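Inspection log for the structure reproduced underneath, given as structure tokens.
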Amino acid sequence: MAMSQDLKSLPPVTAAEYVSAIAQHVSSVCVITTELDGERFGLTATAVSSVCAEPPRLLVCVNKSGLTHDKIVRAGKFCVNVLTEAQDTVAMVFAGMGGKDVDRFATGDWMTLETGAPALQGAAAVFDCVLGEVCAQSTHSVLFGDVVATAHVSGRDTLLYGARRFRQLRKVFSAPDGINEYL
Ligand SMILES: Cc1cc2nc3c(=O)[nH]c(=O)nc-3n(C[C@H](O)[C@H](O)[C@H](O)COP(=O)(O)O)c2cc1C
21 MAMSQDLKSL PPVTAAEYVS AIAQHVSSVC VITTELDGER FGLTATAVSS VCAEPPRLLV
81 CVNKSGLTHD KIVRAGKFCV NVLTEAQDTV AMVFAGMGGK DVDRFATGDW MTLETGAPAL
141 QGAAAVFDCV LGEVCAQSTH SVLFGDVVAT AHVSGRDTLL YGARRFRQLR KVFSAPDGIN
201 EYL
């Protein structure tokens, strides 16, 4: 094991090694949307996390080389739509699986909340955000969002993705005492 002064000189694992391991990390599937000059943009993303509740803030990691990244940065707003299991087609279309020239917003029913970024009707949850800090991280940007409106539908399972497959949340078991304090 390296001494603490040597830690910075440890070489990183290969990208392939990292990707194989991170594929085991199961996440809910989201569609990140924005609106700029009357045009709508969006992509499927699993790299989404809550940051804090006071102030209400989350983050999404978006590839800089995609079309939607710069639109979000220019628009200064985005909406995180957490998909239900019934919205798997939306996930695939916004991942680009329907082809490059397809109108992604033809799939699903869309509305707006406060910012004007597209919000998916019937989504498990919607977080309408004003873009905060943008943190460049190699190929991606970490985009922080301050939440100005939410919507949610309870009782519908969220769509999951892990080990390179879309998955369903099938098993629910009772939590040990105390775990709800985290929520
Ligand atoms: C399950 C899944 C999760 C994804 N997660 C992300 C993500 O977190 N961030 C990202 O930038 N791209 C992610 N992608 C890839 C984008 O959805 C895809 O490249 C999309 O076509 C980008 O659209 P754009 O060019 O309009 O930005 C994911 C794709 C899939 C299928």
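No gaps in the numbering here: position 110 of the sequence shown is 130 in the numbering used here, and each next residue is one more.
Beta carbons: idealized from backbone N, C-alpha and C, even for Gly.
Computed from a prediction, not measured in an experiment: that's the story for all the values here.
Range of the contiguous alpha helix (DSSP H) that encloses residue i
| i | result |
| --- | --- |
| Thr109 | Asp108 to Phe114 |
| Lys97 | Not the alpha helix (DSSP H): Lys97 falls in the beta strand (DSSP E), residues Lys97 to Val102. |
Local Cβ density within 10 Å of residue i, reported as buried at 16 or more and exposed below that
| i | result |
| --- | --- |
| Lys97 | buried |
| Thr53 | buried |
| Glu37 | exposed |
| Lys91 | buried |
| Glu55 | buried |
| Asp121 | exposed |
| Leu30 | exposed |
| Ala73 | exposed |
Residue i CB to nearest heavy atom of ligand 1 below 7 Å
| i | result |
| --- | --- |
| Gly86 | yes |
| Gly116 | yes |
| Leu63 | yes |
| Tyr181 | yes |
| Thr66 | yes |
Sub-8 Å separation of residue i and residue j beta-carbons
| i | j | result |
| --- | --- | --- |
| Thr104 | Ala144 | yes |
| Gly84 | His160 | It should be pointed out that residue 84 corresponds to Lys in this sequence rather than to Gly. In contact: Lys84 and His160 (Cβ atoms closer than 8 Å). |
| Val150 | Asp166 | yes |
| Ala65 | Cys99 | no |
| Arg60 | Phe114 | no |
| Arg77 | Gly152 | yes |
| Gly58 | Val51 | no |
Closest Cα partner of residue i within the set the options
| i | options | result |
| --- | --- | --- |
| Leu180 | Phe164, Leu79 and Met112 | Met112 |
| Val46 | Ser194, Thr178 and Arg77 | Thr178 |
| Thr135 | Val162, Gly128, Val110 and Val168 | Val168 |
| Ala106 | Phe193, Ser194, Ala195 and Phe186 | Phe186 |
First and last residue of the uninterrupted beta strand (DSSP E) at residue i
| i | result |
| --- | --- |
| Thr53 | Cys50 to Leu56 |
| Ala73 | Val68 to Ala73 |
| Ser161 | His160 to His172 |
| Glu153 | Ala145 to Gln157 |
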